[in-house]
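Number of protein chains: 2
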Amino acid sequence: VSHLFVIGLGPGDRSAMTGQAVEALRQADVVIGYSGYFACVADLVENKECLALPLTQETERARLAVERLRQGQAVCVISSGDPGIYAMASIVLQYLAEEELEAVTIVPGVSAVNAAAALLGAPLGHDFAVVSLSDLLTPWEVIERRLNAAAQADFVLALLNPRSHRRDWQYGQAQDILARHRDPETPVGVVRNAYRPGQAVEVTDVGRMAEVTVDMFTTVIVGNSQTQRFGRAIVTPRGYALVAGRSRLPSGT
Amino acid sequence: VSHLFVIGLGPGDRSAMTGQAVEALRQADVVIGYSGYFACVADLVENKECLALPLTQETERARLAVERLRQGQAVCVISSGDPGIYAMASIVLQYLAEEELEAVTIVPGVSAVNAAAALLGAPLGHDFAVVSLSDLLTPWEVIERRLNAAAQADFVLALLNPRSHRRDWQYGQAQDILARHRDPETPVGVVRNAYRPGQAVEVTDVGRMAEVTVDMFTTVIVGNSQTQRFGRAIVTPRGYALVAGRSRLPSGT
């Protein structure tokens, strides 16, 4: 049946995929995605046509997916994490004609942010903001404004794409902004390759976060004024006003 | 084996659970959660001890879970969505002793925010903030400051717990704040009971968002200056600077 699924594979380990995503792959005639994503679903895509494209060819993947849909195929576009969060869903939708929307299903997944948080404990127990530090397609002024706003309003902050080979100063700038608004001892969690080979989880603080090595596979979660360090974990209580200082009283519902 | 899993069931439909969450349930001796969550995993918890507690007894669930861990059981605490996002993970961790952390695994899930976004298209294609409108444990001034900051800094905004029987004015106030910073035609998606019986998806705009019925099972996603309405869907392009007005050009990587 002619259909286009845009699915999230989750953070990388097969066990973090949803049943719905597995089923969409099973039904597909053709699977389209970044070449690096096929390894973890190799058995599911055997005997299927696989169009594995390099990174940076997101628009070409979307174009191909819509072309194959129009040819009557069952198409599955694979994204890591959740396809709706800085990923393929918005790009694919921008290639469609409006009347084709009925033939498209976005299958949500466990995002890099949720995965990093789980490995750190519970840093996202309260309001949070997610900001990509990549200024390739977003002016740095916009990113800076968001970092300032989130820091001032005491959001827990998840930073994606903190650094790449070509972008080496943005993460340091982010620290500068955060240090203006947060206590230097505010807990910061740094997760690299969540649920993948080479997984590394580190807990540091706002004062020292720039000393940690980060890259495109790293998610950084910066606590807010309520976030507490707890051994190797970070916890942001669900209750705000009721949790005083470092008391570890439960926060209730 | 004595262990404590805190798992996310996803938005409600069994197909949105991850393999890791299913496996944690299979291994459990005792399963603890809100009574309403057991129905969707009934076959997985047959022949297991199930402690089903009413809503508002989150701390009691956490206390019981840690007590059972200390008795040497394999314990599974179930949360809807992702257990790290306004859910059981932070509460359970606050009941633990530090040396017990090694016996705990947080299993991430598809959160209500990711699920609502998938049903709406791709509203979270760029930086976003998540704010709960419940002021039961958070002073309204804090929530208001976050809404203002996120609105000013052009974050896409996901609003959780917009209204309950006892809290009837917060959602209207949120609209007032958003209307000060956003064009009234900015798309707003309203998703009730995502992936559950009674699922309802509606697209409106900032000017009219208060006319839509919302409750504790509703997630509201408010677009930013770049978000576009596209038939029954909402799309926030991944590229920021390069997407001009309502052009539907792909945004590239």
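Protein chains in written order, with my numbering: chain Y, 3 to 255; chain L, 3 to 255. Beta carbons: idealized from backbone N, C-alpha and C, even for Gly.
| query | Would you call the region 105-125 of chain Y and the region 109-117 of chain L touching, i.e. three or more CB-CB distances under 8 Å? | reply | yes
| If you scan the region 101-128 of chain L from start to end, which runs of the alpha helix (DSSP H) of 4 or more residues do you find wholly inside it? | 114-122
| Top-ranked residue by Cα proximity to D185 (chain Y), from Y:D84, Y:A153, Y:C42, Y:W171 | Start at 1 with the first residue of the first sequence, and residue 185 (chain Y) comes out as number 183. D185 (chain Y) has its Cα closest to that of Y:A153, out of Y:D84, Y:A153, Y:C42, Y:W171.
| task | Mind listing the chain L neighbours of E187 (chain Y)? Cutoff is C-beta to C-beta under 7 Å, in chain order. | result | The sequence position of residue 187 (chain Y) within the first sequence is 185, counting from 1. The contacting residues do not exist; E187 (chain Y) stays about 18 Å from chain L at best.
| query | From Y:R169, Y:T238, Y:R234, Y:D129, pick the residue whose C-alpha is nearest to that of T216 (chain Y); which is it? | reply | On the first sequence, position 214 is the one that residue 216 (chain Y) refers to. First, the amino acid is wrong: residue 216 (chain Y) is Val here, not Thr. Here the closest residue by C-alpha is Y:R169.
| query | If you draw a straight line from the alpha carbon of G12 (chain L) to that of A181 (chain Y), how long is it in whole angstroms? | reply | Residue 12 (chain L) sits at position 10 when you count from the first residue of the second sequence. Residue 181 (chain Y) sits at position 179 when you count from the first residue of the first sequence. Going from the Cα of G12 (chain L) to the Cα of A181 (chain Y) covers about 35 Å.
| When DSSP labels each residue in this structure, what does E51 (chain Y) get in the three-state scheme? | On the first sequence, position 49 is the one that residue 51 (chain Y) refers to. Strand at E51 (chain Y).
| query | If we cut at 8 Å on Cβ distances, does M218 (chain Y) have a partner in chain L? | reply | Residue numbering aside, residue 218 (chain Y) sits at position 216 when the first sequence is read from its first letter. Closer than 8 Å: no.
| Can a CB atom of chain L be found closer than 8 Å to the CB of G111 (chain Y)? | Counting from 1 along the first sequence, the entry for residue 111 (chain Y) is found at position 109. Yes, because at least one Cβ of chain L sits closer than 8 Å to the Cβ of G111 (chain Y).
| field | Contained alpha helix (DSSP H) runs [length at least 4] in the region 170-222 of chain Y, N- to C-terminal order | value | 172-183
| Does the distance from the CB of A67 (chain L) to the CB of V94 (chain L) come in under 8 Å? | Counting from one through the second sequence, the residue named residue 67 (chain L) turns up at place 65. Counting from one through the second sequence, the residue named residue 94 (chain L) turns up at place 92. In this structure, V94 (chain L) lies closer than 8 Å to A67 (chain L) by Cβ.
| N- and C-terminal bounds of the beta strand (DSSP E) containing S81 (chain Y) | As a working mapping, residue 81 (chain Y) is identified with position 79 in the first sequence. Taken as a continuous stretch (DSSP letters only), the beta strand (DSSP E) holding S81 (chain Y) covers 76-81.
| said: Quick check on L6 (chain Y) - is its C-beta less than 8 Å from some C-beta in chain L? | reply: As a first step, residue 6 (chain Y) is located in the first sequence; it is residue number 4 there, counting from the start. Cβ-Cβ to chain L under 8 Å: no for L6 (chain Y).
| request: Quick one: give me the first and last residue of the alpha helix (DSSP H) that V144 (chain Y) is part of. | output: Reading the first sequence from its first residue, position 142 is the one you call residue 144 (chain Y). Here the alpha helix (DSSP H) through V144 (chain Y) covers 142-154.
| field | Cβ-Cβ distance between L46 (chain Y) and R63 (chain Y) below 8 Å | value | Counting from 1 along the first sequence, the entry for residue 46 (chain Y) is found at position 44. Counting from 1 along the first sequence, the entry for residue 63 (chain Y) is found at position 61. Against a cut-off of 8 Å, the Cβ pair of R63 (chain Y) and L46 (chain Y) comes out as no contact.
| For K2 (chain Y), the nearest candidate out of Y:T61, Y:V77, Y:R65 (CA to CA) | The structure shown does not extend to residue 2 (chain Y), since chain Y is modelled only from 3 through 255, so no value can be given for it.
| message | Looking at the secondary structure, which residues open and close the alpha helix (DSSP H) in which A279 (chain Y) lies? | response | Outside the displayed range of chain Y (3 to 255) lies residue 279 (chain Y), so it cannot be described from this structure.
| request: Sort L:Q22, L:A18, L:R72 by Cα distance to G21 (chain Y) and report the nearest one. | output: Counted from its first residue, the first sequence places residue 21 (chain Y) at position 19. Minimum Cα-Cα distance from G21 (chain Y) among the listed residues L:Q22, L:A18, L:R72 corresponds to L:A18.
| Within chain B, partners of S17 (chain L) - CB distance below 8 Å | Chain labels in this structure do not include chain B; the protein chains are Y and L.
| Do R234 (chain L) and V205 (chain L) have their CB atoms nearer than 8 Å? | By one-based count along the second sequence, residue 234 (chain L) stands at place 232. By one-based count along the second sequence, residue 205 (chain L) stands at place 203. Contact flag set, yes.
| request: Measure the Cβ-Cβ separation of D137 (chain L) and Q75 (chain L) and say whether it is below 8 Å. | output: Taking the first residue of the second sequence as 1, we reach residue 137 (chain L) at position 135. Taking the first residue of the second sequence as 1, we reach residue 75 (chain L) at position 73. Taking 8 Å as the Cβ cut-off, D137 (chain L) and Q75 (chain L) do not qualify as a contacting pair.
| task | Return helix, strand or coil for L244 (chain Y), following the three-state DSSP convention. | result | Within the first sequence, the letter at position 242 stands for residue 244 (chain Y). Because the pLDDT of L244 (chain Y) is 45, which lies under 50, any placement of that residue in the model is unreliable, and the question is left without a value.
| From which residue to which residue does the alpha helix (DSSP H) around A131 (chain Y) run? | Locating residue 131 (chain Y) in the first sequence gives position 129, where the first residue counts as 1. Counting along the chain, A131 (chain Y) falls outside any alpha helix (DSSP H), though it belongs to the beta strand (DSSP E) covering 130-134.
| query | Using DSSP with H/G/I as helix, E/B as strand and the rest coil, what is G35 (chain L)? | reply | If you number the second sequence from 1, residue 35 (chain L) lands on position 33. For G35 (chain L), the three-state secondary structure derived from DSSP is strand.
| field | Whole-angstrom distance between A176 (chain L) and V208 (chain L), CA atom to CA atom | value | One-based indexing of the second sequence puts residue 208 (chain L) at position 206. One-based indexing of the second sequence puts residue 176 (chain L) at position 174. About 10 Å.
| query | How would you write the range of the alpha helix (DSSP H) that R28 (chain Y) sits in, first residue to last? | reply | Here residue 28 (chain Y) refers to the residue found at position 26 of the first sequence. 21-29 is the span of the alpha helix (DSSP H), which, as asked, contains R28 (chain Y).
| Backbone secondary structure at I236 (chain Y) - three-state DSSP | The sequence position of residue 236 (chain Y) within the first sequence is 234, counting from 1. Looking at I236 (chain Y) - three-state DSSP - the assignment turns out to be strand.
| With distances taken from CA atoms, which of L:H128, L:Q96, L:P85, L:T58 is nearest A91 (chain Y)? | As a working note, residue 91 (chain Y) is residue 89 in the first sequence. Answer by Cα proximity: L:H128.
| Where L149 (chain Y) and T61 (chain L) are concerned, what is the direct C-alpha to C-alpha distance, given to the nearest angstrom? | One-based indexing of the first sequence puts residue 149 (chain Y) at position 147. One-based indexing of the second sequence puts residue 61 (chain L) at position 59. One C-alpha to the other measures close to 33 Å.
| task | Starting from L159 (chain Y), trace the beta strand (DSSP E) both ways and give me its first and last residue. | result | Counting from 1 along the first sequence, the entry for residue 159 (chain Y) is found at position 157. 158-162 is the extent of the beta strand (DSSP E) around L159 (chain Y).
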